Every structure is written in C-alpha cells, then in structure tokens.
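Numbering of the sequence shown is given in our numbering, commencing with residue 9 and proceeding in unit increments.
We put the CB at the ideal spot given by N, CA and C, even for glycine.
Source: prediction; values computed, not measured.
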Amino acid sequence: MNRVSRRRILGALAVGAATAPIAAACGETQIVEVVKEVPVVQEKVVTQIVEKVVTAPPMDPGSLTIYSGRSESLVDPIIRQFADATGIDVGVKYAKTGELAATLLEEGDASPADVFFAQDPGGLGSVESLLSPLPGEVFGRVPEWARSGDGLWVGISGRARVVVYNTDRLTEADLPDDLWGFVDPEWKGRIGIPPTNSSFQTMVTGMRSVWGEDQTKEWLSGLMANEPGIYPKNTPIVAAAGAGEVDVGLVNHYYLYRFLAEEGDAFAARNYHLPAGGPGSLVMVAGAGILNSAKNKEQATKFLDFALSTVGQQYFAGQTFEYPLVEGVKIQRLLTPLADINKPSIPLDQLSDLKGTQALLRDVGALA
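So this is what it looks like as structure tokens:
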C-alpha cells in the first residue's frame, strides 16, 4: 500500500474523520492518520503522525425470500444472476401461483415472503390487500396496461394466449377466427386444455369480464361437450400437439419456442393468434409485488429493479421467449409483435376473481 506524504496528510486531516467511517462501512481497509501533539520544553510541540490500519467487516447485503408461481426452469437463472450480482442471499419457494396466493392469504403478516412473483395478474390481484405500494421509479418503467392501477404490482414480462396446432394436419386456414369456433362438433376429441392452470383460468376470467357469466358458461359447456383432452399445464399440451395426440391446444405463446429451440423447425406444431381477438387473444403479464409484511423491502425493490433492467428484460426476451415490457429491448425474432396481436382491452386489474372462475369451471365439469 502506498504511503501518503506528510504534507498531504496534514492538508487532509480536516476531512479524514468524515471519510474514514464511510470507507469502513463499505468494508474497505483505510489508513487513518492520527495527529498527536506532544508538549516538550519551552512549550513547543512536535507533531507525530501515527498510522493505524482500521478494517471494518464488509457490509452484509442482506437476504430476500421470493414466492414464485413461475416455474423454476424459467426463472431460476435470472434469480441466480441477481443473487450473484448483488451478493444478496435469495431463497425461493416454488409452487403454482394459485397455491402460493392461498398460502400468502393464510400466512398474512406472518409470511416469510418478501416478493410474490406470480405467473399472471389474477394471482397478484387476489392478494392485493397484502401488497405494498411500489416506488415510482420501478412502477413507471412499464406501460400502463402492464401494471396495477393502484401501483401495487408491476408486470415483468408479457405472455400472449394462442392456439397451438399440429402442422401435419392443419393450416391456419383450417382454424376458426375466435374461440367460439371450437365449440363446433367438428372439434370433438381434438382439443387440449389445462383447466387447473392459472393462465387458462385467467383467460376464462377475462371471458367473464368481456362476455359475462352466461355467455362464458355457454362457451365452456360447448367446449366440454367436445370432450377435450385434459392436461395439467401448457408444456404437455404443446408436446401433444407436436406429436399429433391433439390437433389444437389452448396455451401461452412461449412454450412452443422452447420446443423449437430443442427440436428444431421439424417440430410439427406452430402458434396461431386468433385474428378476431377476444379473450383467446389476451396478453397477460407475469408480474411481482412486494408484501406489506416484507422484512427485506430494500432487497425486494432491488430485485424488481433488476428484473426490469435491460439485462433482466433481455433474459426474458432471449431465453424464455416472452415479451419484454421495457422500451429498447427487442423481442425474439420468431414472435409476433405485440402491436400485431388483436388483444382485447381488458384491464389486468379485472382478472383477479379466480375463485369465481374456478366455481364456474367446476359447474361445467372442467374441474373436480
């Protein structure tokens, strides 16, 4: 370590007392120059410079607990990247969005969670009473349609509802313009749906908002009369479409691109955006909020800030094939631009009544 000249020391002594604590707080090794005035004969003084090495322990970056309704395979890499970049000790509890929402409501203020990272706005809306208002610099980064009207949660990535279809049996010309076409008897035994999946339930919640209860029930009853294949989630539906097990499936857009990345263009399925729009063309968000009871709100804010940074948004665009929500980040080249999707104008805040949707699904026999 270089020594500091005596003249420079004497000139800097006035500020040394202020700068040393800052460096020590940051975990740096700091040379503290201490001036001692020692009286000698004839009341003269001799200035002695005493060097002391003060080393403070590094500042603890803290910890963070995330409840994630997004699957581990999709979001663990970006969460680990955040942890590595910040040094924050991140713990994650993975489960379905609906299950975690129910857990949060049961735990209340005693929940260990700091952040709820949900697959869809319905899950976030169901626990809004537990969420804390977000800082404006985080909340304001995404467009108005992709965030809570009350500033309680923010979209992290965009996810479009699509029809995935088998390309060996169908072309786009064979497919209906909107979801109503799939209640036609010609589709009997040819459709795959995931009634327990929160994104499917959010789509049905959107139907209820646009069509009303009676019309939504009519569509669901017609769909169930066509004896659809029942699947636990989106991935096996896309696999079934590619294998010809079903001709079409109702899924989120990005699952197909994971199959294409692994199996190439020969994978026999593609996405279809319903040209007539409606609930089947809903664009949802995966989003996150900070719990009122969070013990680590500073770290939670840093996580949201990271997820909405260029690095975070590029991860979702390039690795999970979702739509970035922050300006300046390009979508994956195979995706249909959001501006070209005839999405319905449904405020995402209106998609929170998952319990009402689940009751309707049970009523028509889609849920046990």
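query, result
"Under 8 Å between the Cβ atoms of aspartate 255 and leucine 187?", "no"
"If you measure between the beta carbons of phenylalanine 147 and glycine 159, is that distance less than 8 Å?", "yes"
"Between the Cα of glutamate 80 and the Cα atoms of Asp122, Lys303, Met67 and Ala126, which residue gives the shortest distance?", "Ala126"
"Within the same chain, show all residues whose beta-carbon is closer than 7 Å to that of aspartate 313, passing over the 5 residues directly before and after it, in chain order.", "Val146"
"If you run the structure through DSSP and keep just helix, strand and coil, what is leucine 299?", "strand"
"Can you give me the start and stop residues for the alpha helix (DSSP H) that glycine 133 sits inside?", "129-133"
"Out of curiosity, what's the CA-to-CA distance linking threonine 213 and leucine 132?", "14 Å"
"On the three-state DSSP scale, how would you describe arginine 177?", "coil"
"Based on DSSP bridge pairs, tell me the residues matched to glycine 77.", "Glycine 77 is not bridged to any residue."
"Within a Cβ cutoff of 7 Å, which residues of the same chain sit near cysteine 34, ignoring the five residues on either side of it in sequence?", "With a pLDDT of 39 at cysteine 34, under the threshold of 50, the modelled position of that residue is not reliable, and no figure is offered here."
"Using 10 angstroms around the beta-carbon of alanine 376, count the other beta-carbons present and answer buried if the total reaches 16, otherwise exposed.", "exposed"
"With a threshold of 6 Å on Cβ separation, who are the neighbours of glycine 230 within its own chain once the five nearest residues in sequence on each side are excluded?", "Val191"
"Tell me whether alanine 206 is buried or exposed, calling it buried when 16 or more other Cβ atoms sit within 10 Å of its Cβ.", "Checking the displayed sequence, the identity of residue 206 turns out to be serine instead of alanine. Flag for serine 206 reads buried."
"Can you find at least 3 beta carbon pairs, one from the segment 358-367 and one from the segment 267-286, that sit closer than 8 Å?", "no"
"Which first and last residues belong to the alpha helix (DSSP H) in which isoleucine 339 is found?", "Unbroken run through isoleucine 339: none, as it is neither H nor E."
"In this structure, does DSSP put leucine 258 in helix, strand or coil?", "strand"
"Under DSSP, the alpha helix (DSSP H) around tyrosine 102 begins and ends at which residues?", "Tyrosine 102 -> not in any alpha helix (DSSP H); beta strand (DSSP E) instead, spanning 97-102."
"Indicate the three-state DSSP secondary structure (helix, strand or coil) for tyrosine 331 in the structure shown.", "strand"
"Going along the chain, which unbroken runs of the alpha helix (DSSP H) with 4 or more residues stay wholly within the segment 136-213?", "144-147"
"Secondary structure at isoleucine 87, three-state DSSP: helix, strand or coil?", "helix"
"Around the C-beta of proline 410, are 16 or more other C-beta atoms found within 10 angstroms, so that it is buried, or is it exposed?", "This structure cannot speak to residue 410, because the chain is shown only from 9 to 376."
"Report the option in Pro143, Gly220, Ala93 and Ser119 whose CA atom is closest to the CA atom of valine 135.", "Ser119"
"Would you identify the three-state DSSP class for isoleucine 238, choosing helix, strand or coil?", "strand"
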